[in-house]
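Chemist: Numbering (the UniProt record's numbering), first residue to last: 1 to 323.
Idealized CB from N, CA, C, for every residue including glycine.
The following block contains the structure, expressed as structure tokens.
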């Protein structure tokens with residue numbers, strides 16, 4: 001979920017431990033935070049442009065306003081339906097027309113290429129709320145929301161990331177094509193097209209740049225970031241009280257259904273990411289529609305009895321009764 005992840009300094013501390021005279025192992029150096037000031041400057045300028053976009057928004061033509069909303073909807077679906085549920089978790093299968101559309105949509109969102117997004121997300125699930133988690137919520141709300149993009153990754157994130165199975169992504173031609181040409185594709189899909197399309201109905205390019213690109217892009221970014229931050233800190237835990245991810249209805253409304261986070265981290269392979277199907281879950285509605293027209297198949301669903309057993313074993317209901 002990162003728009004400008006820096007190239008990591010690849011000086012890994014992989015030195016073999018050699019016993020000294022007293023057979024003492026070298027101490028592990030404490031992690032020292034290193035700020036990426038280029039990313040900080042990028043985010044400040046991007047958010048400044050978005051604030052200016054808010055000022056300009058009332059001056060837009062109605063068609064341009066609808067276009068801004070449409071670009072956001074396409075981008076957020078690219079993340080929720082594509083990068084997250086399809087490629088990260090393989091919770092359903094999709095035929096090539098839908099896969100192509102979702103590659104385009106993720107490029108509109110421009111939160112890193114699909115390969116990198118999925119790698120970070122799989123590490124996040126495997127090492128949730130530890131130093132191996134790219135956006136570890138235990139390091140604070142700001143860090144889990146956006147701060148993790150502004151500093152060097154913890155060495156554990158890099159180490160754990162190398163152990164994640166990514167063979168399915170390497171074998172996916174569309175994913176790898178996007179990865180090879182990501183900068184050009186995302187520039188066109190995220191910046192150029194959203195800016196120039198409103199010119200067709202004689203909208204000012206100045207207005208469309210600061211709204212259809214800057215404002216829309218920053219809004220989509222922060223909506224996605226809310227899953228990493230707010231949905232890991234605020235909400236109830238009906239499925240597992242032992243983990244940080246929570247059910248957060250506000251986040252769910254903002255992200256088309258990604259706020260059922262306690263459920264998702266308990267049953268990550270469920271294509272709906274929720275016990276309640278399409279309720280408050282626009283992404284699931286779109287997946288179901290695509291299934292009806294034959295573009296989606298093999299959706300993974302958690303059996304009701306499995307959900308109930310887990311709730312009784314680790315959920316808030318069980319702990320309330322025991323109290």
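Can you tell me which of 293, 275 and 191 puts its alpha carbon nearest to the alpha carbon of residue 108?
Modeler: If we check each option's Cα against that of residue 108, 191 comes out closest.
Chemist: In whole angstroms, what separates the C-alpha of residue 282 from that of residue 29?
Modeler: Straight-line Cα distance between these residues: approximately 46 angstroms.
Chemist: Taking the alpha carbon of residue 312 as the point to measure from, which residue in 241, 286 and 148 has its own alpha carbon closest?
Modeler: The option with the nearest alpha carbon to residue 312 is 241.
Chemist: Any idea if residue 99 is buried or exposed, counting beta-carbon neighbours within 10 angstroms, 16 or more meaning buried?
Modeler: Counting Cβ neighbours within 10 Å, residue 99 comes out buried, since at least 16 surround it.
Chemist: Taking the alpha helix (DSSP H) that residue 219 belongs to, which residues open and close that run?
Modeler: Looking at the DSSP string, the run of the alpha helix (DSSP H) that includes residue 219 is 216-228.
Chemist: Sorted by chain position, which residues of the same chain lie with C-beta nearer than 7 angstroms to residue 106's C-beta, five sequence neighbours on each side aside?
Modeler: The residues are 78, 79, 82, 83 and 114.
Chemist: What's the call for residue 149, buried or exposed, on a 16-neighbour Cβ count within 10 Å?
Modeler: Its Cβ being crowded by 16 or more others within 10 Å, residue 149 is buried.
Chemist: Which of the three DSSP states, helix, strand or coil, is assigned to residue 34?
Modeler: DSSP places residue 34 in coil when its eight states are reduced to three.
Chemist: Comparing alpha-carbon positions, which option in 132, 59 and 32 lies nearest residue 206?
Modeler: Ranking 132, 59 and 32 by Cα distance to residue 206 puts 59 first.
Chemist: Measure how close the beta-carbons of residue 197 and residue 76 come, nearest whole angstrom, since I'm counting them as under 8 angstroms.
Modeler: Not a contact, Cβ separation roughly 18 angstroms.
Chemist: By Cβ distance below 6 angstroms, which residues in the same chain neighbour residue 289 in space, the five residues on each side in sequence not counted?
Modeler: Hits under 6 angstroms: none found.
Chemist: What's the C-alpha gap between residue 186 and residue 110?
Modeler: Those two C-alpha atoms are separated by around 6 angstroms.
Chemist: Distance, Cα to Cα, residue 276 vs residue 204?
Modeler: Each residue's alpha carbon lies about 43 angstroms from the other.
Chemist: Does the beta-carbon of residue 67 have 16 or more other beta-carbons within 10 angstroms, so that it is buried, or is it exposed?
Modeler: The residue in question, residue 67, is buried, as its Cβ has 16 or more Cβ neighbours within 10 Å.
Chemist: Considering only residues of the segment 37-100, which uninterrupted alpha helix (DSSP H) runs meet the minimum length of 4 residues and lie entirely inside it, listed in chain order?
Modeler: Taking only runs of at least 4 residues, the alpha helix (DSSP H) segments lying wholly in the segment 37-100 are 37-56 and 62-77.
Chemist: Could you give the distance in angstroms between the alpha-carbon of residue 88 and the alpha-carbon of residue 112?
Modeler: One C-alpha to the other measures close to 13 angstroms.
Chemist: Is it true that the CB of residue 50 sits closer than 8 angstroms to the CB of residue 218?
Modeler: Taking 8 angstroms as the Cβ cut-off, residue 218 and residue 50 qualify as a contacting pair.
Chemist: What is the DSSP secondary structure of residue 275, counted as helix, strand or coil?
Modeler: Correct three-state label for residue 275: coil.
Chemist: What number of angstroms, rounded off, separates the C-alpha of residue 316 from the C-alpha of residue 247?
Modeler: Those two C-alpha atoms are separated by around 12 angstroms.
Chemist: For a minimum of 4 consecutive residues, which ranges assigned as the alpha helix (DSSP H) are wholly contained in the segment 103-146?
Modeler: 114-126 and 141-145, all fully within the segment 103-146.
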